[in-house]
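As C-alpha cells, the structure follows; a few thoughts come after it.
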Amino acid sequence: MALSGADVYARIIKGETTYDCGLVSDAKPAIKTSTLQRIGIGNMKKSRINAHDYECSWSADVSDGILLAALLNKDNVFDVQLHDIALTDAVVKSLRLAFDERNPLTYSIDFVGKDIEEITALAAVDYVKGFFVMSDATITFSGSANTVTKVDINAQREVEIIRGASLDPQDFSKGPFVFEGTVTVSPSSSFSDVLKGKWLPTDTPFTFSAAFSAQFYDENGDPLASQTTITIACSGMVASETSVSLGATGPVEIPIKMSIENVILS
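Counting from 1 along the sequence shown, just add 44 to a position and that's the residue number in our numbering.
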C-alpha cells in the first residue's frame, strides 16, 4: 500500500524534551546537492558535488506556547523527526506566525540541519492538545483603538553553513532574528489616523498585543485543565507601508506593513 499523509507523524525534540508540534497540515523534507562545474580550453568540462544541504519545513496549528518560545530561542538545536527520517542538529531559519478572526493561530517553520538520518518510523506521537483562537487583539493609532482582523509575523535570520573540508554541514553561524509583519485593522470611525499613522523618527513606535485562548480535552473528551492562554506582544513597531481596501459593502480593511524590534510570547 502506498504511503499517505495519514500514515505520517511529526515530532520536534530538544535533548530530553519532546514538544507538542500541533496539527501539522503539510510538511516538506528536502536534500539539496550543489555541484561545481569547471570549463577549460578546448571546451573541456569537469563537474563534481561540492555541498549537501538538509532541510525540513512544515505548517501547523499552534497547540503549545512553550514550543513557540523554544523555536524563537536563537541558541536552541533540535532533532526534527518526520515518519522514518530525522533532521539532526537542526536550527530554525525562519518562523511565521499567522492568525485572523476566523482561523486559529498557526506557524510555518523552516529548519536546516547537519544531516538526515533514517529512524524507526513513528507509529504515533504524544497526544495533540488542540489549537488556539484569537480572543482579543488591539492596536492604537493617534489615540484611537482599532479592531485587528488579521496578523502575519515573520521571524527570519541569516544561517550560514560552515562545512570545513566536508560536503555536509559541520556547524552554523546564526544571526539574530529580524522581525517584520503585517497587521490588518478595521477602523472604528475614521481611517485617516490609521492611514497616516506615525511616520516621523520622533514618533513613538507602535505596540501590539494579541491573546489566544484554548480549552484542551484528552482523548476521552474530558477537559485537561482550565482554559489556557497565549499572549503575543510586539514592541518597537514602525510602519513602512499602508493602504486602504474597501468596496461598496463590507468593512474597511487597512493592511499595515511594519518592522518589529521584539516579539515576546507568554
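All residues carry an ideal CB built from backbone N, CA and C; glycine is no exception.
Given 8 angstroms as the limit, is there contact between the region 111-127 and the region 78-93, that is, 3 or more CB pairs closer than that? Short answer: they don't touch.
Within 8 angstroms, do at least three Cβ pairs link the region 153-172 to the region 247-254? At 8 angstroms Cβ cutoff, the stretches do not touch.
Identify which residue in Y63, D128, A46, Q200 has its Cα closest to the Cα of A114. Closest in alpha carbon position to A114, among Y63, D128, A46, Q200, is Y63.
Hey, A95 and L166: beta-carbon distance below 8 angstroms or not? Contact: no.
T164 versus I300: straight-line alpha-carbon distance, rounded: T164 and I300: Cα-Cα distance of roughly 46 angstroms.
Among N264, A104, A269, nearest to A314 - alpha-carbon criterion: What the structure shows of the chain is the stretch from 45 to 310, and residue 314 is not part of that stretch, so it cannot be assessed.
DSSP three-state label for I85, please. I85 falls in the helix class under three-state DSSP.
The alpha helix (DSSP H) spanning A113 covers which residue range? Bounds of the alpha helix (DSSP H) holding A113 are 109-115.
Spatial neighbours of P220 in its chain, beta-carbon cut-off 7 angstroms, leaving aside the 5 residues before and after: Cβ contact annotation for P220 (same chain, cutoff 7 angstroms, sequence separation greater than five): K118, R201, in chain order.
In or out: Q125 buried (at least 16 other Cβ within 10 Å) or exposed? Burial call: buried.
Applying the 10 Å Cβ sphere with the 16-neighbour rule, what's the burial state of R55? Burial call: buried.
Give every residue of the same chain whose Cβ lies closer than 6 angstroms to the Cβ of K194, excluding the five residues on either side of it in the sequence, and list them in chain order. Excluding residues within five positions, the ones whose Cβ falls inside 6 angstroms are D144, T228.
My assumption, with CB atoms under 8 angstroms, is that E99 sits in contact with I129. Please give the rounded CB distance. Between E99 and I129 a beta carbon distance of about 12 angstroms is seen, past the 8 angstroms cut, so the two are scored as non-contacting.
Tell me whether S232 sits in a helix, a strand or coil according to DSSP, three-state version. Here S232 carries a coil assignment [DSSP, helix/strand/coil].
Quick check: what's the CA-CA separation for G49 versus K89? Whole-angstrom Cα-Cα distance: 43 angstroms.
Using the Cβ count rule (16 or more neighbours within 10 Å means buried), how would you classify L112? L112 should be labelled buried.
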